[in-house]
Structure formats: structure tokens, C-alpha cells
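Per the working numbering, the very first residue in the sequence shown carries number 11; after that it's consecutive. Down below is the structure, laid out as C-alpha cells.
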Amino acid sequence: MNSSKKNNPVYFYIPFNNDIDESDISKITHALQSIKEIDTCNLELNNQRIRITSKYPDEAIAKAVPILTELQVKVPVTKNNFPLLNLSCASCANSSQNILKMQPGVINASVNYANEMAYIEYIPSMINPQKLKDSLQEAGYDLIIKENDDSQNSLEEIQKNHYKALKRKTIGAMIFSIPLLIIGMTPSLMHQHWANYIMWILATPVVFIFGKQFFTGAYKQAKHRSANMDTLVAVSTGTAYIFSVFNTLFPSFWIKRGLQPHVYFEASAVVIAFVLLGKILEEKAKGNTSYAIKKLIGLQPKTVTVIQGNEQNEIPIKSVSIGMTILVKPGEKIAVDGTVLSGNSYVDESMISGEPIPIEKVKGSKVFAGTINQKGSFQFHADKVGKDTLLSQIIQTVQEAQGSKAPVQKLVDKIAGIFVPTVFIIACLSLIIWIIFGGKQGIIYGFQSFVTVLVIACPCALGLATPTAIMVGIGKGAEKGILIKDAESLENIKNINAIVLDKTGTITEGKPQVEDFKWFTSMHDLEKNILYSIERSSEHPLAGAIVSYLNDKSITFIPDMEITNASGQGIIGIYNNQKYFIGNLTLLSKNTVPIDKEVKNWLDNKFKQATTTILFANENTILAGISISDKIKPTSLTAIKQIKMLGIEVHMLTGDNPTTANYVAKETGINKFKAEVSPQDKIDYIKKLQASPNNKIVAMVGDGINDSAALAQADVSIAMGRGSDIAIDVAKMTIISGDLQKIPEAIKLSKQTVKTIKQNLFWAFIYNIIGIPIAAGILYPINGFLLNPMVAGAAMALSSVSVVSNSLLLKLKK
């Protein structure tokens, strides 16, 4: 199902794995048939698949899946990143990406030249990694398929071997090129009758042995009617070599025409030597851009000590399973996520959270893979292993983010796609113009300019400009405990001019505690059990505080209660056909629960104390009042001040009562806030800001399930690392430590990264815009200057290295 074969329609199936109501069939069918690449479609409910006929299957699949997702049709999709081999330049990345996108079942594919990774979204029932690998191998590329999570190690091993081979080739090319250069640049030697033959002998191994990769790469590209940097090097050096062999064997051809039979053996060899040297420097620099991933992977210990009965056994980390008891000794790295069972210590979590102060761990404390134990020893229960640990999730997030593309990269990819053919056209035009207008020496100068244009052109600098800066920027963010999920978000953070903060768990500690529990009726165990059972079903931090408070009060859990969330107001439970309400005054008023004077007096008193109040009632009366306090984080005061100093408006939204909201706003210096808001109110508030005359770029910061919709609405979404999984999944940025001071740091990092991208692109474009015309001989009519191909080779080798080096400077910026 390749889109290049567009003569006859083909049919294919898109599977789905959820129930679809028959009333939705026409809506889904209509939506799919609105895609111009789809000819017919038919939903087979019994087989849970959609039969589609199309002349353009790859485009049809890519457009159909997002539409089906919007219509709540669950298509089983897998997202994976695979190491990609044999990329020699940005054009290769573009070419391999197009090959992947054309495969049946691939929804989207993105290839990053800087870290040599392919990020592929595909339907596993339609295509598998082996077929993806086969399609790439046909074009001369290769894919490392993950086996037991060792793909990163495999890639590193391959890269090490590749670097060693490249080093050997470079040294070999240099050994032959240096004497060749000496002969070619020394008139007394160059004019000896034997000089051309010696240079021929010296140049041959450089071109055909040490430079073999360029010719084989160019051949594979030509087979697929494509071209890349290998093509430029192979054609330029190959042409120079063949031209020189001809002039050595048949010098009379030129002498009869009154011209000197110049040879360019030294140019063909030295250019290859310089390009290989440039490749070594580039590989070294590119390796440094992925330092953050290597550092994170290095946090994982190879073995762990498990307690089995009365014995201690050391086993490989891959053998650890959930439920095992693991012993951690002083100075050891923690292998997996878990809960402390016995012992106590302090653990350095700076490599994950960015916070330098060790955290105390006692019985019941959570510990995380990759963190380092200090002086004490303890045993813990393994809760999460392998891919499920926080460290593995951070590594996965960073890898995916580093492989994502900034908006400007789309333009760069288009330019890279036509770069090599354009360079060939310019090179041929310069040759023709020189032959026509260059006089007697025109053909010689034309040949030299043809070779020099091909040599100096560098698509690599263009291809590396954006991704290397993104890799370093996202890696630096991860080191600081700031996880940024994609390049676009990293770029957008610097643009925010309004920030909306949730209160609980964002500005405050998110560790609410019950300060007062008041029963307004005679206390009954049944009501207490009902309150406990309803609140235990909720993930809200305030519910957690009530559950913790009641845990020590001889509670009996009541299963199978019918529970409904009243968004932004509280929660409703039904027991024995009686409704029970837990929430604010709005919830109780809405359900016509009477409020007597005693309750009003209690509420007024608690409002004055700026605490959060929750009422527990049945359909007839209020049973209890609960007063909860949540301390403001000390770092929130500093962070909000820093954010305001950046000229960013700070807003606070909370479902809490106005008195508590006012107290928190006053303490933190927030002028704009709104209390008693529902999740929908938060969305509307953000929309209003975005639609304001100034077109605010809004960031939303939250940590709860009730923040997820508002996070999705915001231009930039930021989740607190201690928050709910849903909030973290929706958000484009996660602050692992939950410290708001990381937001100004993220803004600064965004500005630095975008500035570096602009510098890189400026250099890459200017280099080619200035270098190619000079190589073509534009200065010759002015001052008689014609660029030597060897100098062009050196310039080309250094251009990509300078771009990567500039990106690496990001690591040094504070």
C-alpha cells in the first residue's frame, strides 16, 4: 500500500477495540467519507474493524485515525522510538522519514538526525517493526528493533564501533593525503614527470577505500532516485579523480588546445579526509548533546540485593518483580520504585527532582529508582519495576521530547528535501556559465567551480541547527527537574504573558490536614462509615485528608456504594436509597438541604480563620462540618514574585471558599483570583483570557483531575509532579518537585534554547548563501579569487561542527 502506486484502489482494515452504538455509525461513516483520499468505507461492528477503499492508503490512514479518535473510536495504536542507522545528513533523515510515512499502518513518523532516532506511531495489527526495518533497509538505512529494552545499549555499541571505524578511516585518509598535499602544493615537485603518477597512487586508496562509504551511500540513494550529502561528496571527488586520471593518461588532449592538463588528485583526497574529520567531530559533538539521556540511564544499578526468607541474594535488575523485598545499603542506588518497610535514611533525589536537599525516608515513605541512598540502610517493597518506574518514564519522556520537532523544523525539512538537487543545478549552471563566458580557461575554471560548489554545500548544518539545540535544552530541563514533553512546548513557554495557578497542591503544599471535625447530630458509626467510604473513592487531596483523619477511628468500609461526582461542588453517595452529600454550600443548597443557625455560626467562624470547610449531610439535615487547612509552600511566595517580575500576569483559580481564596491570594501577592470555580469555570476563565484584546498566551498550572480540562485548554500546560496521573498526562510540562520556582527557570531555558536555534539557523543559512556563490566563482570577476576545493572541504566539515558546538554552549548557561 504505497502512495506511489495510485492507479487502482486498494482496500484495508482499521481495527477498533471499543463498543460503538449503531446510532453513531452514520456519523463516523460521514466523517471518514469527507476525507478526499477515501473512496468508500464500511463499519463492521461484529469484527470491530472499518473497511476502507482508497487509491492513497497511506494518506487515508494518517487522516482517518485522528478523526476516529475525536469521535471516541479507540484505534489500537502503538508509539515507539527506534534507533536509526546509516544517516549521513539531514537529507537522509528526510528521506527515511518519508519512507516510513508511506508504509501501510503508519500514522505518523518523525526522524531526528541529531540523535538518530525514528519516532513512529503505527497500528500494530497492520504493520510491525520488522516490516518497518525491511522498508528502510531497501533504501540503505537500518532500524534497531527493541529487544528487552536493550535498544539504547545496542545503539551505543554500534555508535562506538562506527566512531572507531570512522577514526581509522580518517587517520588512513590523512596519512595518504598529507604527502599528496605537499606534492600538489610544491611547484618544484608538482612539475616533475613522475608527480601525477605518485599523486594518482596516493589518492586511489583515499577515494576508493577510506571514502568508499560516500560512493556506496550515493549509489543506494541513486537507486531510489534520491540524493544526499554522500551524493555531493561522491560526485565531486569522483569527478575530480576521473578528470585527473584522464589528464594524467592523455595530457595531449589539453596541450593541443593550448591548455594545461591540470590534475586534482590532492583535492579529491583532501576533501574526503576533511569530510571524514568533520564527521568525527560531528559525531563526538552529537554524542554530547544526548548527555542527559546517558546520565539518566546511568542512574540505573545493574544488580540489587533482595531479601528471600532469611537470605540476602544479589540478582540482576531485570529479574526484579513487583512484591519483592529489596535491601538498600549506604551509598547504593535504588533500583526500582517502592515503599519503605523498615529502617530509615536520607535519599538524594536531586537527579530526578532537581532539588539538592536529601529527603528523609521512614516506614511508609516512597522511594524511586535512580535515587541514591545516603548513610542509613532500609528495606522496601517493590511497587513499580521496568518501564513503570518514575525514572523509566522520565527517560521515555525526554527521549520522545528530544526527538520532537519545533515548528520551524518543518520549513527546514522542506529545504533539506530540495537542498541537494538545488546544489546540483547550481553546480551545473556554474560549469556551463564558465564554459560560455570564461574564455580560454573557462572549462578548467568551470570544472573547478563545479567540484567546489558540490563540496562546500552542507545540508548537515541545516539539519542539526534545531534538533541539537532542542536536545540540549530538554536535557538541561530534565536535569533541573523540569520535564518538557515536546519541542513546540519548549518554544512556547517563553511567550506566555498570563499564568493561571490552581491553589491546592500548586500554591499550597497539597497536604491538607483536618483541623476541626464537628458533628451537628448525635454521632453514629454508620454515618462515619458512609463518610469514610464515599471519600475513599475520591482522588481529591481534601478527601485524602478526611480518610487519613478517620483511619484511626475504628472504621468499616462499605463497598458497592453508588457514588457520583458533583463537579466543583463535591461528591454524592447513595446508601440504602438515601442520598449523602459531601461538599460545599452550593452542593447542599442545590439539593435543598436545610442549613440551621448552628451550622451557619460554625461556617462563619471557620471562614474567618481562612480554612477550607466541607459539609457532610443527608437529604434532611447537615450531619457534620469538617475544617481543613493546607499550608502555603514557602517557595510559592518567591516564585510568584519572580513570575510577576517577568511581566507575566498571575491569576489563581480555586474551588475553595472566597475567604480562604482571598487569604492565599493576599499572602502570595496575587491580585486576580476567583473562588468556588468548577472545572468548566476554569476552562471559561482561560478562554476569556485568551480572547482578551491583548490575546493572552496563557499557561495553566495544576495538579488534580479537576485541572485536566483547563490544562488542555491552556496554550502551555504545566503539571505538578506530585499531582494526579491524568493531569501529568495532559500537561506538556511537568515539574517533578512541585516547586513553582521551576517555572521562571523553564521560561529562561526556553528563551535560551530559542535564541540558540535562531543563531544556528542563521549560521547554517548564511554559510550556504555566501559559500555556494563564492564556490561558483562570483568573486572572480571582481578580484580574480576562485575558491580551492580543499578549502571548501574544510569549511564544509567545520560548518556542522560549529552548529553543534553552539548548541552545546547551552549546557554552560545558567
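Even glycine gets a Cβ: it sits at the ideal position worked out from N, Cα and C.
Rounded to whole angstroms, Asn118 and Cys99 show a C-alpha spacing of 21 angstroms. For a cut-off of 8 angstroms, the C-beta gap from Gly781 to Ile466 is around 5 angstroms, short enough to register as a contact. Taking the C-beta atoms as reference points, Pro86 is found nearer than 8 angstroms to Pro25. The DSSP-derived three-state label of Thr462 is helix. In the DSSP assignment, Pro25 falls within the unbroken beta strand (DSSP E) covering 20-25. Taking the Cα of Ser817 as reference, the smallest distance to any Cα among Gln409, Tyr455, Phe775, Gln769 is reached at Gln769. Sorting Lys528, Val687, Val674, Ser599 by C-alpha distance to the C-alpha of Asn611 places Lys528 at the top. Contact annotation, Asn104 with Gly427: C-beta distance approximately 5 angstroms; criterion of less than 8 angstroms satisfied.
In this model, Ser36 and Gly413 are separated by some 38 angstroms (Cα to Cα). The Cβ atoms of Leu552 and Ile642 do not sit closer than 8 angstroms to each other. Annotated as distal: Ile776 and Val674, with beta-carbon spacing of 8 angstroms or more. Under the Cβ criterion (8 angstroms, minimum of three pairs), the stretch 170-183 counts as touching the stretch 280-289. Here Asn587 is exposed. Its C-beta has fewer than 16 other C-beta atoms within 10 Å. For Tyr132, the pairing in a beta bridge is given by DSSP as Thr88, Val116. Note that the C-beta distance between Ile38 and Val83 is below 8 angstroms.
When C-alpha distances from Thr622 are compared across Ile556, Asp570, Leu95, the shortest belongs to Ile556.
With a cutoff of 8 angstroms on beta-carbon distance, Glu365 and Ser747 are scored as near each other. With a cutoff of 8 angstroms on beta-carbon distance, Thr763 and Leu820 are scored as near each other. When DSSP states are grouped into helix, strand and coil, His391 belongs to the strand group. In the DSSP annotation of this structure, the continuous segment of the alpha helix (DSSP H) that includes Ser760 starts and ends at 752-786. Look at the stretch 204-259 and you find these whole runs of alpha helix (DSSP H), each 4 residues long or longer: 205-215, 222-233, 239-259. Between the stretch 337-346 and the stretch 379-391 there are three or more C-beta pairs closer than 8 angstroms, enough to call the two in contact.
In this model, Ser760 and Leu242 are separated by some 36 angstroms (Cα to Cα). Rounded to whole angstroms, the gap between the alpha carbons of Val708 and Asn507 is 7 angstroms. For Ala250, the closest of Glu276, Gly227, Ser236, Pro261 by C-alpha to C-alpha distance is Glu276. Note: Trp444 is not bridge-paired with any residue in the DSSP secondary-structure output. A distance below 6 angstroms between beta-carbons, with the five flanking residues on each side excluded, links Ala627 to the following residues of its chain, in chain order: Phe591, Leu598, Val603, Leu633. According to DSSP, Tyr356 shares a beta bridge with Glu370. Counting other Cβ atoms within 10 Å of its Cβ, Gln406 stays below 16 and is therefore classed as exposed.
A Cβ-Cβ contact shorter than 8 angstroms links Tyr455 with Gly787.
Taking C-alpha positions only, Ser637 is separated from Thr88 by approximately 46 angstroms.
Counting C-beta atoms within 10 angstroms of its own C-beta, Tyr123 has 16 or more neighbours from the protein chains shown and is therefore classed as buried.
The alpha-carbon of Lys651 is positioned some 52 angstroms away from that of Lys174.
When DSSP states are grouped into helix, strand and coil, Asn816 belongs to the helix group. Annotation: Val395 to Ile332 spans about 7 angstroms, alpha carbon to alpha carbon. For Met710, the enclosing beta strand (DSSP E) stretches over residues 708-712.
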